[in-house]
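**Q** The following block contains the structure, expressed as structure tokens.
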Amino acid sequence: MNGKVCSAGEISLNEPCQRIDELVPPELWSMIFEHLPKGDCRNVALASPILRFTAQHCLFTNVSIVFQPLHKLHDPIHGTLQLLHTSIEKLRFLSSERIAPVVRSCRIFYIQNSKSCTLADPESQFFVNRGFAVLPRFLGLQKLEIQGLPLDIYRLRQVAKMRHLRRLRFGSGCAVLYHPNLPRIAVEHLEMDPTLVATEISLASFICPSRLRSLSFGSDPIKPESQFPVLDHQSPSTFAHLQHLTLPHSFMDHPSVTHFFRQCPSVDSIEILSSKSSSGFNGPVDIPHPPVDAPLLPRLRSYKGPYRSLLCFRNFPLRELIIVPGLEGVLLQSTQLDLIPVLSMLSNPHSIEVLEFSAFGTLGLAKLAEVILKHWTSLSVVTVSFPHHRLRPHARRPFQALPVANRLFPTLNRKSQFVIALAQGCKNLTGIRVRSPESSPEVEIWSRRKT
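Here my numbering is used: the first residue of the sequence shown is 217, the next is one more, and so on.
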């Protein structure tokens, strides 16, 4: 048998040998395909039936079910949704006894390439339901993403039948339709847009709240009165085991925010997404929302989000603080200067051990170091992120000859005033790191172990 690598991410075994089963044991081929880098291998051409049979259960752990509208020949204006012929064959293949048990991740979505096509006609509903009918056959499915398809009671029931499902994502256009007897889906991690849920539905009516460990709401509606009706009607301690929350900035305006936090006594980390509205551009540093009472979230120790939302959690004994740039700082050069009065408002600065913030240049870093040295006595790790930094050669010495930290960050290194001040003043500090789009994940420019 002759094989060759055609190009990056492609493997071709196109000259099958009649005695391949005698020359190479199938067990050896199984080991080869199991260790194949599936993420890098986009195309696999196997001409030998024995090789196809051996490799199938190794190469189909991540699958996609795509719905695409096609126009009827006799009615070119009104299209009808139907699976392509290859997709129908793919459904039969994926639902087979050999392939279905090995599927671990599935994405089911709708490609809308025609404005005249609709998902409401019976023929379209039939093809969509046919795709959802395959899902319960994936007995080992752990991650499911649905996008662009409305979810009625039948489709939710098909999802609820998957007992090993851990992660569920409802993408854009994935609306949950009302029904008095919705099934409860048991997952540990849920990501969804709550504004697409019917106003009569609460989150606990179609999600098993006791199983949730992570909940992410990726929406920022403009009208406050239409925000998050899915959070209403819950009882205290509904999400008793929830540990991580991701919420949009506008969630803090919701009238039921206090009641919702009371339902999540075990949350230890929270992430606030930056606002999509422009109402806060370049305004003064104020307190846009009332602070959240610390007893509502007794285990909260980690915050990630823009600095204006941090003011809502200034009374918490946080250990990890990650401040990301928000749209409220459109004058990017003044972001770290605006951060100084916010950090001074924290009630428990001595509890913070990990700090990460975004900087746009080094303006104000020395003054920020003074605030840190004055209040933050337990700080152990500091990470400075330069989201708009680009690599450039040093002015005097050759680019390649410089140490990696100085090459990546010539404006902030171990000789900078900010680094020297923190290294001398923070006794518990173990490292200072910097990050940019070119340095993933980060570069350590100072370490107490090396000095």
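Ideal Cβ positions, reconstructed from N, Cα and C, are used throughout, including at glycine.
If we count the other Cβ atoms within 10 Å of its Cβ and call it buried at 16 or more, is Ile-661 buried or exposed?
**A** buried
**Q** Just reading off the beta strand (DSSP E) that Pro-464 is part of, what are its end residues?
**A** 460-464
**Q** Around the C-beta of Asn-629, are 16 or more other C-beta atoms found within 10 angstroms, so that it is buried, or is it exposed?
**A** Label assigned to Asn-629: buried.
**Q** Would Ser-567 and Pro-533 be called neighbours here (beta carbons separated by less than 8 Å)?
**A** yes
**Q** Looking at the secondary structure, which residues open and close the alpha helix (DSSP H) in which Ile-636 lies?
**A** 633-641
**Q** Give the DSSP bridge partners of Ile-401, in chain order.
**A** Ile-423
**Q** Express the C-alpha separation of Leu-360 and Pro-399 in angstroms, rounding to a whole number.
**A** Taken atom to atom, the span from the alpha-carbon of Pro-399 to that of Leu-360 is near 17 Å.
**Q** For Val-650 and Val-570, which I take to be in contact (beta-carbon distance under 8 Å), what is that distance rounded to the nearest angstrom?
**A** Their Cβ separation, rounded to whole angstroms, is 15 Å, which puts Val-650 and Val-570 out of contact at 8 Å.
**Q** Are the C-beta of Gln-640 and some C-beta of chain D separated by less than 8 Å?
**A** Although the question refers to chain D, the structure presented lacks it and comprises just one protein chain.
**Q** Please name the residue, chosen from Pro-506, Ala-414, Val-350, that lies closest to Ser-303 on a Cα-to-Cα basis.
**A** Nearest Cα to Ser-303 within the set Pro-506, Ala-414, Val-350: Val-350.
**Q** Using the C-alpha atoms, what's the distance from Arg-535 back to Thr-454?
**A** 26 Å
**Q** In three-state terms, what does DSSP make of Arg-664?
**A** The answer is helix: DSSP assigns Arg-664 an H, G or I state.
**Q** Using only the alpha-carbon positions, how far apart do Arg-665 and Lys-631 sit?
**A** Using only the alpha carbons, I get a separation of about 17 Å.
**Q** My output table needs one value for Tyr-326: the three-state DSSP class, helix, strand or coil.
**A** DSSP places Tyr-326 in strand when its eight states are reduced to three.
**Q** Hey, how far is the Cα of Ala-585 from the Cα of His-591?
**A** Going by C-alpha positions, Ala-585 is about 10 Å away from His-591.
**Q** Excluding five sequence neighbours on each side, which residues of the same chain lie with their C-beta closer than 6 Å to the C-beta of Ala-316?
**A** Arg-353, Phe-354
**Q** Name, in chain order, the residues that DSSP records as bridge partners for Lys-520.
**A** Answer is Glu-487, Ile-538, bridged to Lys-520.
**Q** CB-CB under 8 Å to Phe-422, same chain, minus the five flanking residues each way: which ones, in chain order?
**A** Leu-372, Val-392, Leu-398, Pro-399, Arg-400, Ile-401
**Q** Below 8 Å on the Cβ atoms is my guess for Asp-409 versus Gly-434; work out the distance and round it to an integer in Å.
**A** 6 Å
**Q** Helix, strand or coil: how does DSSP classify Gln-358 here?
**A** coil
**Q** Residues in the same chain with beta-carbon distance under 8 Å from Ala-637, minus the five sequence neighbours each way, listed in chain order, please.
**A** Ala-582, Ala-585, Glu-586, Leu-589
**Q** Using three-state DSSP, classify Asn-564 as helix, strand or coil.
**A** Asn-564: coil per DSSP, three-state reduction.
**Q** Confirm, please, whether the CB-CB distance from Gln-363 to Cys-390 is below 8 Å.
**A** yes
**Q** Using alpha carbons as the reference points, say which of Leu-365, Asn-345, Glu-313 lies closest to Tyr-326.
**A** Leu-365
**Q** What is the DSSP secondary structure of Ile-281, reduced to helix, strand or coil?
**A** Ile-281 sits in a strand when the DSSP states are folded into three classes.
**Q** Would you mind giving the Cβ-Cβ distance between Leu-527 and Tyr-519, rounded to the nearest angstrom? I have them listed as a contact below 8 Å.
**A** Contact doesn't hold; Cβ gap of about 11 Å is too wide.
**Q** Between Glu-416 and Ser-472, what straight-line distance do the alpha-carbon atoms span, to the nearest angstrom?
**A** 16 Å
**Q** Flag this pair as yes or no: are the beta carbons of Asp-484 and Arg-530 separated by less than 8 Å?
**A** no
**Q** If you reduce the DSSP assignment to three classes, tell me which class Thr-599 lands in.
**A** Strand, per DSSP.
**Q** Only counting the same chain, and skipping five residues up and downstream in sequence, which positions put a Cβ closer than 7 Å to that of Ser-311?
**A** Val-350, Arg-353
**Q** Would His-465 be called buried (16 or more neighbouring beta carbons within 10 Å of its own) or exposed?
**A** buried
**Q** With distances taken between CB atoms, is the gap from Val-164 to Val-279 smaller than 8 Å?
**A** Because the chain here runs from 217 to 667, residue 164 falls outside it and cannot be looked at.
**Q** In this structure, does DSSP put Ser-321 in helix, strand or coil?
**A** strand
**Q** Buried or exposed, going by whether 16 or more other CB atoms sit within 10 Å of the CB of Pro-506?
**A** exposed
**Q** Would you please state the rounded distance, in angstroms, between the beta carbons of Gly-356 and Leu-307? I believe it to be under 8 Å.
**A** Not a contact, Cβ separation roughly 18 Å.
**Q** Relative to the C-alpha of Leu-384, which residue among Phe-283, Leu-406, Phe-634, Ser-596 is closest?
**A** Leu-406
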